[in-house]
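Counting from 1 along the sequence shown, just add 1 to a position and that's the residue number in my numbering.
Ideal Cβ positions, reconstructed from N, Cα and C, are used throughout, including at glycine.
This one's a predicted model, so the numbers in the text were calculated from it and none came from an experiment.
Structure record follows, encoded as structure tokens.
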Amino acid sequence: MTRVPLKNRTIWITGASSGIGKSMAEKLIQSGNRLIITARNENALTAIKKAAPDQVEVVVADIADPNSITHMQERLEAVTDQLDTVILNAGTCEYLDVGNYDTDLIERVIQVNLLGMSRCIQASLDLLKSSSTNPHIVGISSAAALTGLPRAEAYGASKAGVVSFLESLGLDLHRYGIDVSIVYPGFVETPLTDRNDFPMPYLMDADTAVSLIIDGIEKRKIKITFPRRLIWSLKLMAALPEKLRFKAGLSMVRDQG
Ligand SMILES: NC(=O)c1ccc[n+]([C@@H]2O[C@H](COP(=O)([O-])OP(=O)(O)OC[C@H]3O[C@@H](n4cnc5c(N)ncnc54)[C@H](OP(=O)(O)O)[C@@H]3O)[C@@H](O)[C@H]2O)c1
């Protein structure tokens, strides 16, 4: 497998203000890349830039805003004339309480995780096409996309949507020489999972997760999955005959009072 090192590349990373995105931005700065970092929290992004002012540009944006595409595209084109790697990591998670069914919640999550990702692609596609060094789009989905899980009506649907979206995009962008990779992390310790009030099997720290993601990106894996034991359990569950899979899913439903 040909390795394309993440060194001396111009990389746009969304969701860089905290968690996986922040840790990834810090690692990619250390390895000598030029970074453009995006999120809503300007202070957090500016703090990252302060550590390496010559290597980092800040583009503040709310990717859930339908009007954000033009703004992001203009700001990106103001700071660079090409992008080698785009890491679409920004995301959110809200769990549905089916007793208080709420379509607004589902819309909020899909606006960020799926439509926000599409807005970022639209804003960066011309810059990716201008890259002369194997352009690459990397989208962060989730292990939760592998099978239906309780309370994941919004998050699971958004992340399964991301998988389908990126699989199609990978086929259609092949003619432009743009690779597309999909990341399926299990549980990673970040502000997003700090809110979870249930046991998280095989929880890993953000630095370990980021090392695995960077390794997968450099190997140009189409699918980057971890941790292995969680992924295999979910894949096994997804492969069960329907009735058994349903029973396995039911065993995870908890009383919502
Ligand atoms: N942690 C896990 O266990 C886990 C597992 C599987 C997948 N993932 C995925 O990994 C990605 C990163 O998650 P994380 O765990 O690192 O969570 P996190 O610490 O909450 O980080 C989420 C990032 O997304 C940004 N973001 C959220 N809404 C945004 C919006 N509307 N516009 C622009 N940026 C927005 C946040 O920045 P601002 O708030 O500053 O905008 C933040 O930088 C997400 O896609 C998540 O679904 C995480």
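- Using a 10 angstroms sphere on the CB of Trp13, the tally of other CB atoms reaches 16 or more, which defines it as buried.
- Bridge partners of Lys224 according to DSSP: Ile183.
- Residue side-chain check: Ile107 keeps its Cβ at 6 Å or more from all non-hydrogen atoms of ligand 1.
- Per DSSP, the continuous beta strand (DSSP E) segment holding Arg35 begins and ends at Arg35 to Ala40.
- The nearest non-hydrogen atom of ligand 1 is less than 6 Å from the C-beta of Leu193.
- Annotation for Asp63 indicates a beta carbon within 6 Å of some heavy atom of ligand 1.
- Membership of His175 in any alpha helix (DSSP H) is not indicated, and neither H nor E is assigned to it by DSSP.
- Under the criterion of beta carbons closer than 8 Å, Ala17 and Ile38 qualify as touching, at roughly 4 Å.
- Contact between Gly22 and Asn90 holds, with the beta-carbon distance rounding to 4 Å and staying under 8 Å.
- At a Cβ-Cβ threshold of 7 Å, Arg120 and Ile179 do not count as neighbours.
- For Val113, there is no enclosing beta strand (DSSP E), as DSSP gives it neither H nor E.
- Of Lys222, Val110 and Ile141, the smallest CA-CA separation from Val5 is found for Lys222.
- Ligand 1 has a heavy atom closer than 6 Å to the beta-carbon of Thr93.
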